[in-house]
Amino acid sequence: MSSDQSAVSAFQQYVRARILEHLRQSGEASRTALAEVTGLSRRALGGIVDDMKQAGLVDEADADRGPDRGVGRPARVLRLPVRQEVTLAADISPDRLRVALVDSAGAILSVAEANADIARGRSHTVGTLVALARSLDRDEGRHPARAVLGLPTMVDYERQLVDPAGARALMPSWTDGATVDEFASALGLPVTIANGATLATLAELRLGAGRGRKNFIVLGIGHEGIGSGIVVDGRVFEGARGFAGEISHVSVHADGVICPCGQRGCLAAETANQLRLFLQARGVDMNAEAYEELSTASAQGDPAVRRLFADIGWQIGRAVGSVANVFDPDAVIINDTLTEVGDDAVTQSLVRSITQHTHPGITAGMTVVASDLKHTSILAGAGLL
Ligand SMILES: [Zn+2]
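In terms of UniProt numbering, the sequence shown is numbered consecutively and its last residue is 385.
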C-alpha cells in the first residue's frame, strides 16, 4: 500500500496535497471538481488520481443517491479511505463537558457528559474528562487513537495554543501553553485542541445542513454564549491563526460595555450583559437553569422576557448581517441548542434581524436554516478533523 515518494515529483506531491486537503474538507469530490480545484486538465489529473488510488490514498465509489436524483448511472466520486481510527472527542463548554468516541466519518459511538465548571481551572476539567473517558472505554470496548478537544474560546490552531485575549475572562488558567501537554499526559493520547465552533462548522459542512453548499455561516446559540464559523468556497475558513468567523467580537453597540477582549460593544459581551442585568433585577444568578427558566417564561408569554430575547436575537442578527455582507453566503445555519428555529423569541427576532441587516441582493439568494446536529455537532466535527 505504500507509495514510493521518491518517484513522485514535487509538482505531483503538491497536487496530491491539494486533493487530500479538498477531500478532507468536502468529504467527496468528482474528478471534474478536482480538476477545477487543481487547475489541471481532467487527463492530467486522471493520472495523478489513479496513482493515488493505487497507493491507497483515495477511494473511488458511486456517489450516494439523493431521494430525487432519478435513475441514471450514479456519478463517481473520490473520498478519503475510511480510517478505522476512533477519536476521543470532547465538547468543553463553560459549565458542561461532553465526551464521546467518534469514528472518522463523524458517527458517535458512545457519549457521556457531566457538569464541569471551567472557571474552577484546567485541572478540574482534566479530571472530569479523564473520568468520562474511562467510562466510555468500558462501555464500548473501543480504544481511541487520539483526542480532539473543542474549546469555547479562540485557539491558535497552528501553534496549538489557547489565545490569551480570548480566554482571559473565562479560562485564564488555560493560557500558559501547557494545555495540550496536560491533557495528553492525563489521557495517554496525542491531543489536538480547536475552537469548538470551528469543529461544529466542519460537521455542518460534511454531515449537516451545509452538505452541498459552498459558502455559509454557522451560528451556534446556547445558554453559554454564541459560537460561529464560516465556510468559504467549500472549506472551513480558518484565517491566519484559526480565529476566523469569531462573530462574538463583532461590535454591535458603539457605546456598549467593555468586553474582556478589550473592545467595546462586542456581541458576546452585550448579550451576556443584558442577560446578567435582567436576571440581577430578578435576584437570579446566570446559569443553565436560569436560562431554561427564562425560556419557559418566554414560551408562556412573559412580555419582559420575550422583549429581552427579541433584543438579543436582534443584536445577533446585526452581527450576522455584517458578516454576510462581507462574503455573500448562500445560507446561515443556526444551531440553537435551546429551542427550534422559529419557536422562540430569540430566533424569530434573529431571523428578522438577519434580513434587516443584510443587503437585499445577498438576502435574495440566502436561506436561513436550522441545524439538526444539535449537541452532537462539536463531537462529530472532532471525529472528522
Ligand atoms: Zn470582545
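Here a beta-carbon is modelled for each residue, glycine too, at the ideal position from N, C-alpha and C.
Closer than 7 Å to a non-hydrogen atom of ligand 1 - does that hold for the CB of residue i?
i, result
"Ala297", "no"
"Gln348", "no"
"Ala268", "yes"
"His143", "no"
"His253", "no"
"Gln315", "no"
"His249", "yes"
"Gln274", "no"
"Gln263", "yes"
Excluding the 5 residues preceding and the 5 following residue i in the sequence, name in chain order all residues of the same chain whose CB lies nearer than 6 Å to its CB.
i, result
"Gly381", "Leu199, Ala200, Leu202 and Ala203"
"Val341", "The pLDDT assigned to Val341 is 48, lower than 50, so where the model puts this residue is not dependable, and the model offers no usable value."
"Asp328", "Ile362"
Taking the Cβ atom as the reference point for each residue, do residue i and residue j lie within a distance shorter than 8 Å?
i, j, result
"Leu20", "Arg31", "no"
"Leu132", "Val99", "yes"
"Asp95", "Asp117", "yes"
"Arg159", "Gly27", "no"
"Tyr291", "His223", "yes"
"Val148", "Thr87", "yes"
"Leu101", "Arg142", "yes"
"His253", "Gly239", "no"
"Ser377", "Gly208", "yes"
"Asp330", "Arg213", "yes"
"Ile193", "Val155", "yes"
"Val326", "Val351", "no"
"Leu97", "Ala90", "yes"
Return helix, strand or coil for residue i, following the three-state DSSP convention.
i, result
"Ala324", "helix"
"Gly222", "strand"
"Leu385", "coil"
"Leu88", "strand"
"Gly166", "helix"
"Gly150", "strand"
"Asn287", "coil"
"Leu97", "strand"
"Ser110", "strand"
"Val231", "strand"
"Asp181", "helix"
"Arg16", "helix"
"Ala370", "strand"
"Ala10", "helix"
"Pro51", "In the sequence as displayed, the identity of residue 51 is Asp instead of Pro. It is helical."
Skipping 5 residues on each side, what residues in its chain have a beta carbon closer than 7 Å to that of residue i?
i, result
"Arg73", "none"
"Ser298", "Val305, Arg306, Phe309, Asp344 and Ala345"
"Ala112", "Val99, Leu132, Ser135 and Leu136"
"Gln263", "His249 and Ser251"
Spatial neighbours of residue i within its chain, please: C-beta separation below 8 Å, excluding the five flanking residues on both sides.
i, result
"Val15", "Thr38, Leu40, Leu45 and Ile48"
"Ala17", "none"
"Val130", "Ala186 and Leu187"
"Arg122", "Met171, Ser173, Trp174, Thr179 and Glu182"
"Ser322", "Val250 and His357"
"Ala268", "Gly225, Ile226, Ser248, His249 and Cys259"
"Pro23", "What sits at residue 23 in the sequence shown is Leu, not Pro. Excluding residues within five positions, the ones whose Cβ falls inside 8 Å are Ala29, Val58, Leu78, Arg79 and Leu80."
"Arg146", "Glu85, Thr87, Leu88, Leu189, Pro190, Val191 and Thr192"
Just checking residue i against ligand 2 - is the residue's beta carbon closer than 7 Å to any of the ligand's heavy atoms?
i, result
"Glu182", "Although ligand 2 was asked about, the structure shown includes only ligand 1 as ligands."
Tell me whether the region 239-259 and the region 350-370 touch, counting them as touching only if at least three CB pairs, one residue from each stretch, are closer than 8 Å. Too few Cβ pairs lie closer than 8 Å, so no.
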